[in-house]
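All remarks here apply to the structure that follows.
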Amino acid sequence: MAEQTPNYSGEFLKSVHHAWLGLLTLGVGFVSASPLILILGATAYVLGWVYLPGMSFFKRWVDRRYEAVSRTAARAEVEEFIRRRHTILIALSSSRRERYNGLAKVCEEIENASADNPLTIGDPADDPRLRKLDELMWTYLRMLSIEESLDRFLETERREDVPRLVREAEQEVADLGASIETLKRESRQVVLESKHRLLTSRSERLEVLQKRLQRIEQAQANLALVISEQERLDQQIKLIRADAIASKNAQTLTARIDATVEHLDQTNKWLAEMDEFKDLVSDIPATDLRIGFKPLAPPPIIGVEPSSKRPPVKVKERS
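Numbering (numbering that gives the first Met the number 0), first residue to last: 0 to 318.
Here you go:
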């Protein structure tokens, strides 16, 4: 999120400081009904306009307000991103969710192991290395979602057996071409025109089928690459865990995480080039706040308390 530079003069116009300045200068001048005091008040008001917006105490006041607004906006952006990520996660098949949750547990182990050697003083969650883990898991989730979309597309096309349809269409077009040549030799113009129209229609159908086959082949290649990148990222994160547990050197762990993120730059560029998955390739919010990688907790199941049974009321029998 791009930070806005405060316009201190504009902020002064809307601030309570300006209201007090006007009240203590122009207001006092008007109330006094003295021309001299009014002139002095107006002069003080102008001087206040010139100098107060540039004073350090006012700038700090404005900066704090801007920081609070920016922080609130960043928090809202992160919350919206987390909801969108959760939507993508729950849309996955159960097996892919298990793969994501399994790698998320590996990242939790990295978090716990790196807590002993944080790069920041204070809250360990502010460690920039953990934010990079968030980025790695977001890339992994995107690839899982793309894998599922490609797999679903290929399964749909597989049921129709497009390669067989292409072969049959090619044979049909070839047979029609041969039939037209025969009709030309026999000079059967009426039938020939009808056959030409049929050949045009079937040729266009063949062209569409060939485009579908090209998309299938491209999807198969993309699917193989997505799966390979998933496996590579999975092993790299597990290697980070090994370094985090075996080595207590913060620089070693940082270098390993940085190298992993750098290796994924090409993967992210490749994902960005896939037009059909534009909704999945957006980057995480540009903020210092962590987005995490854990799935949202499911809503609690509200149980219904069993109703207390009243003891049966004994009814006296009439004699």
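Ideal Cβ placement from N, Cα and C applies to all residues, glycine included.
In this text, all values refer to a predicted model and were calculated from it rather than measured experimentally.
Quick one: what's got a C-beta closer than 7 Å to T251's C-beta in the same chain, skipping five residues either side?
Contacts found: D242.
Would you call the stretch 123-137 and the stretch 105-115 touching, i.e. three or more CB-CB distances under 8 Å?
yes
Report the option in L270, Q235, V190 whose CA atom is closest to the CA atom of I179.
Shortest Cα-Cα distance from I179 to any of L270, Q235, V190 involves V190.
Would you kindly work out how many angstroms separate the C-alpha atoms of L212 and T253, rounded to a whole number?
45 Å
In this structure, does DSSP put G53 in helix, strand or coil?
helix
Distance check for S186 and R196, CA to CA, integer angstroms please.
Each residue's Cα considered, the two are about 17 Å apart.
Quick test of the definition: if touching needs 3 or more C-beta pairs under 8 Å, does the stretch 164-175 touch the stretch 132-146?
no
Tell me whether D160 sits in a helix, a strand or coil according to DSSP, three-state version.
coil
Note down the Cα distance separating L175 from E134, rounded to an integer number of angstroms.
56 Å
For R255, the three-state DSSP class (helix, strand or coil)
helix
Would you identify the three-state DSSP class for F292, choosing helix, strand or coil?
coil
If you compare alpha carbons, which of A90, R82, P5, S31 is closest to R64?
P5
Within a Cβ cutoff of 6 Å, which residues of the same chain sit near W60, ignoring the five residues on either side of it in sequence?
none
Using beta-carbon positions only, say whether A218 and L270 come within less than 8 Å of one another.
no
Quick one, are the C-beta atoms of L288 and R82 less than 8 Å apart?
no
If we ignore side chains and look at the alpha-carbon of each, how far apart do K237 and E76 end up?
30 Å
Taking I109 as part of the alpha helix (DSSP H), name the residues at either end of that continuous run.
93-113
Three-state class that DSSP yields for A73 in the structure shown
DSSP, read as helix, strand or coil, puts A73 in helix.
Ends of the alpha helix (DSSP H) at E10?
7-13
How long is the line joining the alpha carbons of L35 and W19, rounded to whole angstroms?
20 Å
Return the Cβ separation of Y7 and P52 in integer angstroms, given the expectation that the two are a contact with Cβ distance under 8 Å.
The pair is a contact, with the Cβ atoms about 4 Å apart (cut-off 8 Å).
If you draw a straight line from the alpha carbon of A220 to that of E192, how long is it in whole angstroms?
42 Å
Quick one: give me the first and last residue of the alpha helix (DSSP H) that S31 is part of.
Its alpha helix (DSSP H) spans residues 27-31.
Using beta-carbon positions only, say whether L208 and L153 come within less than 8 Å of one another.
No.
Alpha helix (DSSP H) runs contained entirely in the stretch 165-241, provided each spans 4 or more residues
Qualifying alpha helix (DSSP H) stretches: none in this window.
Span separating the alpha-carbon of L222 from that of R204:
In a straight line, the C-alpha of L222 is about 27 Å away from that of R204.
Work out the CA separation of N111 and G47 for me, nearest whole Å.
54 Å
Rounded C-alpha distance that separates H17 from A67
21 Å
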